[in-house]
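Take a look at the structure below.
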Amino acid sequence: MEPLKQENRVFNPPADFVKGAAIPGMDAYKKLCAEAEKDYDGFWGHLAKENIYWKKPFTKVLDESKAPFYKWFEDGTTNASYNCLDRQVEAGLGDKTAIIFEADDGTVTKVSYKEMLERVCKMANALRKMGIKSGDTVIIYMAMTIEGIVAMQACARIGAIHSVVFGGFSAQALRDRIIDVGAVAVITADGQYRGGKSLPLKAICDEALSTGECGKVKHVIVSKRTGTAIEMKAGRDVWMQDIVANEAATCEPEWVSAEHPLFILYTSGSTGKPKGVQHSTGGYLLWAILTMKWTFDIKPTDVFWCTADIGWVTGHSYITYGPLAVGATEIVFEGVPTYPNAGRFWDMIQKHKATIFYTAPTAIRSLIKASSNDQAVHPKSYDLSSLRLLGSVGEPINPEAWMWYYENVGGSRCPIADTFWQTETGGHMISPLPGATPMIPGSCTLPLPGIQAAIVDEAGHDVPNGNGGILVVKRPWPSMIRTIWNDPDRFVKSYFPEELGGNLYLAGDGAIRNKETGYFTITGRIDDVLNVSGHRMGTMEIESCLVANPLVAEAAVVGRPDDLTGEAICVFVVLKGGRPTGEDAKKVATELRNWVGKEIGPIAKPKDVRFGDNLPKTRSGKIMRRLLRVIAKGEEVTQDTSTLENPAILEQLKESL
Ligand code: PRX
């Protein structure tokens with residue numbers, strides 16, 4: 001496919017979409033933005049009252065007295081699970097399907113709002129009976145199952161703070177998170193199904209818990225999924241199905257302050273240790289609800305499908321909380337897009353008559369490739385006429401992939417919401433609104449109403465449209481990160497750095513605004529964070545992992561563009577025993593790849609491993625990563641290398657295996 005050069009095409013929202021939209025047209029969008037501008041507290045306060053059930057109403061909207069530790073609706077009390085489930089049942093939606101669950105093997109299970117509420121209540125009662133209480137932290141290490149969502153909602157119901165760890169993470173990564181979050185319990189499953197395979201979960205938990213550092217964990221709750229033989233430690237391990245069996249189907253929610261932490265989710269930063277991003281209850285929930293309405297234009301008849309995993313923030317906001325809090329019917333999928341073949345997504349949209357489909361550019365790119373010479377798995381071979389809206393998330397969507405998605409999946413009739421946001425933002429920040437914003441492929445267009453996104457230079461001053469710069473948010477918003485768990489200093493330094501004046505939220509991305517339209521285009525991370533298939537990976541995290549291998553003396557990790565995964569991980573390694581060549585080098589490279597896979601998780605496996613006698617360094621010993629980035633791309637080094645201590649090393653590092 002030929003890349004499109006300059007993207008000038010504009011796609012207007014279809015007229016009939018605009019007619020029924022929550023935000024119908026640009027004037028309606030601008031009106032909301034102006035309302036926020038005029039009376040910030042009034043704008044958010046009004047929306048919070050209208051969209052959330054408050055047990056005790058709040059009296060103050062935003063407290064900036066301890067900035068940047070902003071507080072929203074703090075003296076109001078509410079409960080996320082109540083808002084997602086009880087509220088729907090009370091509104092007469094008890095029999096409405098909340099979840100259409102499709103298992104890896106294609107088995108479909110439907111759960112109504114009433115049933116979901118009962119299951120969550122039983123689990124919440126069981127957790128309470130074990131002594132788990134409001135403010136305790138609970139690790140959830142589960143795959144995409146109804147039980148995973150039940151576990152999260154049950155924690156929310158009793159005020160326990162959940163921290164979901166993606167089911168593909170290793171024992172070591174899981175252990176680090178268990179320790180950092182101070183978990184008193186772990187909820188997991190015996191195993192998980194993915195792409196026709198049964199993979200372990202409980203065995204990995206056991207390994208994670210095998211050291212004394214996880215001593216606070218008193219309970220391990222195991223959901224039976226695969227029937228895999230596992231060990232159950234007496235006094236610690238119980239089956240989820242057993243503990244809920246005799247519990248009551250009602251459970252009084254814990255009414256918590258809007259600022260009570262709903263969850264902690266770990267994400268990669270520019271230094272070694274992942275950061276525990278702490279989210280609130282009230283502000284987070286408000287934004288999950290509003291973005292379901294504004295960005296996804298959710299209607300009572302919609303069948304919403306977000307293909308993310310509950311291990312990532314997208315799965316939190318747009319699977320566990322957002323869709324249920326607006327009473328929608330949603331599809332939850334256990335498997336992978338390529339099993340039993342690459343037509344799985346299209347088959348499921350056809351079968352369940354999905355109306356809104358939200359996925360990642362990486363998935364789209366891999367399905368473009370898979371269907372390019374196999375008509376049977378091409379979206380055109382399926383009836384996708386139920387779709388009315390598409391979404392994209394996690395990484396920049398290149399215009400070619402955007403066009404393919406628009407034409408082949410959306411039949412040139414569905415708007416695409418290219419949603420820019422982050423684990424830290426809790427929900428969408430910059431995105432076209434499907435009934436309002438004219439779309440330009442590759443641009444996430446304009447900030448949502450109330451979101452004061454801007455582009456500044458390194459001193460924090462606004463840059464004119466047309467000039468690239470640093471993406472910031474100028475005012476606090478309800479669903480923003482509240483702090484880094486156990487590390488408030490790092491929170492301030494990472495997100496509100498002094499260099500920018502201390503009051504701008506630093507997203508960590510570069511961006512540029514179009515001169516004429518003011519539209520935002522994200523140009524990529526400005527820190528040492530990579531984005532591989534929409535997954536955030538810290539280069540330092542992978543480097544520390546590599547140097548922990550007994551063979552490795554030194555390592556540097558950089559990203560390079562990749563057609564399929566967006567970015568690919570490229571590592572430059574110096575071995576203690578000298579530079580390997582030929583078959584030897586291939587063998588060590590495989591060993592190191594597997595090492596990273598085991599220590600962090602398969603998603604962190606480097607694509608390209610290169611060996612040198614040394615790394616390119618300045619005379620003061622600093623590794624020159626910008627040169628490594630050029631080499632990783634396979635480009636000629638044209639930069640000045642005069643400050644380099646050892647220029648000859650570059651030739652060695654150019655050799656790929
Ligand atoms: O670099 C941006 C990229 O993903 C990062 C956030 O990653 P994470 O916290 O894992 O959350 C992913 C799901 C929200 C951002 O800093 N990113 C996310 N969405 C987009 C994007 N880059 C460009 N366009 C997007 N739509």
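The numbering of the sequence shown is full-length UniProt numbering, which starts it at 1 and goes up by one.
Idealized CB from N, CA, C, for every residue including glycine.
Inset, instruction - Go ahead and label residue 743 buried or exposed: buried means 16 or more other beta carbons lie within 10 angstroms of its beta carbon, across all protein chains shown. - result: There is simply no residue 743 to check, as the chain begins at 1 and stops at 657 in what is shown.
Inset, instruction - Measure the alpha-carbon distance for G235 versus T137 and round it to whole angstroms. - result: 20 Å
Inset, instruction - Mind checking which residues open and close the alpha helix (DSSP H) that includes N531? - result: Where N531 is concerned, there is no enclosing alpha helix (DSSP H), although the beta strand (DSSP E) it sits in stretches over 529 to 532.
Inset, instruction - Kindly examine the ligand PRX and report whether one of its heavy atoms sits closer than 7 Å to the Cβ of A507. - result: yes
Legend entry - Start-to-end residues for the alpha helix (DSSP H) that takes in F345: Unbroken alpha helix (DSSP H) run through F345: 344 to 352.
Inset, instruction - Tell me whether Y53 is buried or exposed, calling it buried when 16 or more other Cβ atoms sit within 10 Å of its Cβ. - result: exposed
Inset, instruction - Kindly give me the distance between the Cβ atoms of G276 and I264, rounded to whole angstroms, as I take these residues to be in contact under 8 Å. - result: 5 Å
Inset, instruction - Confirm, please, whether the CB-CB distance from I603 to G168 is below 8 Å. - result: Yes; because the gap between Cβ atoms is below 8 Å, this pair is in contact.
Inset, instruction - Look up K515 in the DSSP assignment and say whether it is helix, strand or coil. - result: Of the three classes helix, strand and coil, the one that applies to K515 here is coil, per DSSP.
Legend entry - Cβ distance (whole Å) where A124 is taken to contact I140 below 8 Å: With a Cβ gap of about 14 Å, A124 and I140 do not count as contacting.
Inset, instruction - Give the range of the beta strand (DSSP E) segment to which G235 is assigned. - result: Careful: G235 lies outside any beta strand (DSSP E) and carries neither H nor E.
Legend entry - Buried versus exposed, by CB contacts within 10 Å (16 or more), I298: By the 10 Å Cβ count, I298 comes out buried.
Inset, instruction - Go through its chain and collect everything with a Cβ distance to K353's Cβ below 8 Å, but skip five positions before and after it. - result: Within its own chain, the residues whose Cβ lies closer than 8 Å to the Cβ of K353, once the five positions on either side in sequence are excluded, are V303, S386, listed in chain order.
Legend entry - Nearest-angstrom Cα separation, counted from D563 out to H428: 25 Å
Inset, instruction - Starting from the C-beta of E2, find all residues in its chain whose C-beta is less than 6 Å away, skip the five residues before and the five after it, and write them out in chain order. - result: With a pLDDT of only 41 at E2, under the threshold of 50, the placement of this residue in the model should not be trusted; the figure read from the coordinates follows. Closer than 6 Å at Cβ, skipping near neighbours: no residue.
Inset, instruction - Please name the residue in T359, M130, E231 whose C-alpha comes closest to that of A185. - result: The candidate whose alpha carbon is nearest that of A185 is M130.
Inset, instruction - Would you mind reading off the limits of the alpha helix (DSSP H) that contains F43? - result: 40 to 51
Inset, instruction - Report all residues from its chain with a CB closer than 6 Å to the CB of C570; omit the five preceding and five following residues, and keep chain order. - result: The beta carbon of C570 sits closer than 6 Å to those of V558, R560, D608, A632, all from its chain and outside the five residues before and after it, given in chain order.
Legend entry - Coil, strand or helix - R525 by DSSP: In this structure, R525 counts as strand in the three-state DSSP scheme.
Inset, instruction - Please confirm whether E102 and M348 have their CB atoms less than 8 Å apart. - result: yes
Inset, instruction - Identify every run of the alpha helix (DSSP H) within the stretch 141 to 209, keeping only runs that are complete inside it and at least 4 residues long; order them along the chain. - result: 146 to 158, 171 to 181, 202 to 208
Inset, instruction - Identify which residue in V637, I451, F572 has its Cα closest to the Cα of F43. - result: I451
Inset, instruction - Give me the Cα-Cα distance between E636 and G501, rounded to the nearest whole angstrom. - result: 38 Å
Legend entry - For I158, the nearest candidate out of H260, I430, D95 (CA to CA): When only C-alpha atoms are compared, the closest one is H260.
Inset, instruction - Please decide whether A308 counts as near chain B, where near means a Cβ-Cβ distance under 8 Å. - result: In summary, chain B is missing from the structure at hand, where a single protein chain is found.
Inset, instruction - Flag residue 658 as yes when its Cβ comes closer than 7 Å to any non-hydrogen atom of the ligand PRX, and as no otherwise. - result: Outside the modelled stretch of the chain, which goes from 1 to 657, sits residue 658, for which no answer is possible.
Legend entry - W421 Cβ short of 7 Å to the ligand PRX heavy atom set: yes
Legend entry - Candidates S163, A507, I221, T618, of which the one nearest V181 by Cα: S163
Inset, instruction - Using three-state DSSP, classify Q652 as helix, strand or coil. - result: helix
Inset, instruction - Whole angstroms is fine: what's the gap from C251's alpha carbon to M240's? - result: When only Cα atoms are considered, C251 and M240 end up about 17 Å apart.
Inset, instruction - Please indicate yes or no: does the CB of S656 lie closer than 7 Å to some heavy atom of the ligand PRX? - result: no
Inset, instruction - Would you list the residues sitting across from R560 in a DSSP beta bridge? - result: A568
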